[in-house]
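Numbering (the working numbering), first residue to last: 28 to 152.
Written out below as structure tokens is the structure these notes cover.
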């Protein structure tokens with residue numbers, strides 16, 4: 028695991044963020060302005076603008092930190108031991124049975140308390 032070291036952001040990072048935000052805003056505005064154009068061309072334009080915006084954002088200090096975090100997270104996910112299908116099915120069944128049992132207990136307790144309060148207050152329904 029890497030250490031988290033704060034790096035001072037440069038003035039270029041601000042410019043890169045502004046360009047990335049402008050590209051994303053341009054994708055939204057362009058998609059709205061060219062509503063009468065083919066959906067295929069609009070989709071291609073939006074995908075290109077979003078990809079360019081994300082690419083520029085990834086060149087900033089925060090973008091680099093995010094990419095490093097994503098790579099480390101992917102490495103950690105590979106280390107996870109996932110349950111088998113049978114283990115998952117058994118665990119799901121156990122949770123469902125426990126839920127039904129707990130629901131029945133709470134239903135019964137509610138009925139008993141409802142009758143007890145009705146008896147004590149004399150407002151039985």
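For every residue, glycine included, the Cβ atom is placed at its ideal position computed from N, Cα and C.
Small disclaimer: the values here were computed from a predicted structure and weren't measured.
With contacts defined by Cβ atoms closer than 9 Å, residue 62 and residue 80 do not form a contacting pair.
Distance from the CA atom of residue 133 to the CA atom of residue 121, rounded to whole angstroms, is 18 Å. Fewer than three pairs of CB atoms, one per stretch, sit closer than 8 Å, so the segment 105-113 makes no contact with the segment 87-95. In the three-state reduction of the DSSP assignment, residue 61 falls in the coil class. Residue burial annotation: residue 67 is exposed, with fewer than 16 other C-beta atoms found within 10 angstroms of its C-beta. Residue 138: member of the alpha helix (DSSP H) spanning 112-148, first to last residue.
A Cβ-Cβ separation of about 5 Å places residue 58 in contact with residue 73 under the 8 Å criterion. Cα atoms of residue 91 and residue 37: separation of roughly 13 Å, rounded to the nearest angstrom.
For the 9 Å CB-CB criterion, residue 50 and residue 77 form a contact. Per DSSP, the continuous alpha helix (DSSP H) segment holding residue 94 begins and ends at 88-106.
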